[in-house]
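A.B. asks:
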Amino acid sequence: MATAELEPARAARTTMNTADAPDVLSFFLDLANASEAIERRLDGQVCARCGTAVGLRPGGHAYTRTPDGCLGWAVRVCGACWPAAPLGGDLMAAVAWVVAAGAVEEDVIDAWRSRRAVSVPVGRSWDVVRVSRPLGWAVLARLPRHVAGIGPVLEVPARETVEFLIPPGAASGWPARRELRDVFRVGPRGTSQFPALDLTLADGRRACCGRRWLTRVEPHRRPTTHGGALLECLLAEYRRRGEL
Ligand SMILES: [Zn+2]
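Under the UniProt record's numbering, the first residue of the sequence shown carries the number 1, and numbering increases by one thereafter.
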């Protein structure tokens, strides 16, 4: 009797986990919320990015958030997926990324050497969606479960905000500002201040101003977050709060 009752439940859970498991190398997930599927990825039983079990090779490190800080996991990836870049990745590639967006190369190197954030124009390589910190963290808990990729996410303590980068113009069809309280869109002629890419939640460091990255920043793979996915997660959070 017990078996007959358990089987459908197990089948349902397996299905849910498969759909539910994100690329664990693209962000710093909350270990408390890790599903069995996520644990298999962290343990190296399956590919950390896509979940396949064949052709696995060393994939670098994934990081999970805990109340005491971040934990690193030596994971594996399949032949079709990229291993993790080291935190901060290649410095010159990172500089090239923000210079391509319109920043001045000498300013970038100067600022990052002294642990300051550097001013980067918005609108050429990406637009910025700035939300209140509680809203940003809530969205960040949802976004990795979405099929779309998650790009660089910046925490700005002085403003008590979190900033998402999305493709230029991706928010042009979004609902009006009065419907999306606590959401401010920065487009052309705006700027953002970027710390070096190795100042992250996972490594426990910040720029002098307090800014740090809440995701692993891999500009060559995921320079931005999918705009539609971000909007969906924002709306889902508003609905959860009963504000929509
Ligand atoms: Zn894979």
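Glycine included, each C-beta is placed from N, C-alpha and C at the ideal position.
1) State yes or no: is the C-beta of V77 nearer than 7 Å to some heavy atom of ligand 1?
2) Tell me, please, which residues DSSP counts as bridged to P58.
3) Do the region 148-166 and the region 75-93 make contact, defined as three or more Cβ pairs closer than 8 Å?
4) Is R49 near ligand 2, in the sense that its beta carbon is under 7 Å from a heavy atom of that ligand?
5) If you draw a straight line from the C-alpha of D36 to the C-alpha of V99, how long is it?
6) Restricting to Cα atoms, I'd like to know which of A196, G51 and E218 is closest to S114.
7) Would you list the residues sitting across from L97 in a DSSP beta bridge?
8) What is the DSSP secondary structure of D43, counted as helix, strand or coil?
9) In chain order, what residues of the same chain have a beta carbon less than 8 Å from the beta carbon of F28, not counting five sequence neighbours either side?
10) Across which residues does DSSP place C70 in a beta bridge pair?
11) From A32 to A141, what distance separates their C-alpha atoms?
12) Quick one: what's got a C-beta closer than 6 Å to G102's C-beta in the same chain, skipping five residues either side?
C.D. replies: In terms of the structure at hand:
1) What you label residue 77 is simply residue 77 of the sequence shown in a count that begins at 1. Yes, the beta carbon of V77 sits closer than 7 Å to at least one heavy atom of ligand 1.
2) Position 58 of the sequence shown holds residue 58. Answer by DSSP bridge pairing, in chain order: R76.
3) The answer is no - the region 75-93 does not touch the region 148-166, with fewer than three Cβ pairs under 8 Å.
4) As far as ligands go, the structure on display features ligand 1 and does not contain ligand 2.
5) On the sequence shown, position 36 is the one that residue 36 refers to. On the sequence shown, position 99 is the one that residue 99 refers to. The amino acid at residue 36 is misidentified as Asp; the sequence shows Glu. Their backbone Cα atoms lie some 41 Å apart in a straight line.
6) Within the sequence shown, the letter at position 114 stands for residue 114. Closest by C-alpha distance to S114, out of A196, G51 and E218, is A196.
7) Taking the first residue of the sequence shown as position 1, residue 97 is located at position 97. Sequence inspection shows Trp at residue 97; the Leu mentioned does not correspond to that position. Answer by DSSP bridge pairing: none, since W97 is not bridged.
8) For the purposes of this step, residue 43 is taken as residue 43 along the sequence shown, with counting starting at 1. Coil.
9) Here the question's residue 28 lines up with position 28 in the sequence shown. Correct list, in chain order: Y63, T64, R65, C70, T200, L201, A202, L214, T215 and R216.
10) For the purposes of this step, residue 70 is taken as the residue at position 70 of the sequence shown. Answer is R65, bridged to C70.
11) By one-based count along the sequence shown, residue 32 stands at place 32. By one-based count along the sequence shown, residue 141 stands at place 141. So the alpha carbons of these two residues sit roughly 11 Å apart.
12) Translated into the one-based positions of the sequence shown, residue 102 becomes position 102. Sequence-distant Cβ neighbours of G102 in its own chain, meaning closer than 6 Å and more than five residues away, are P121 and R124.
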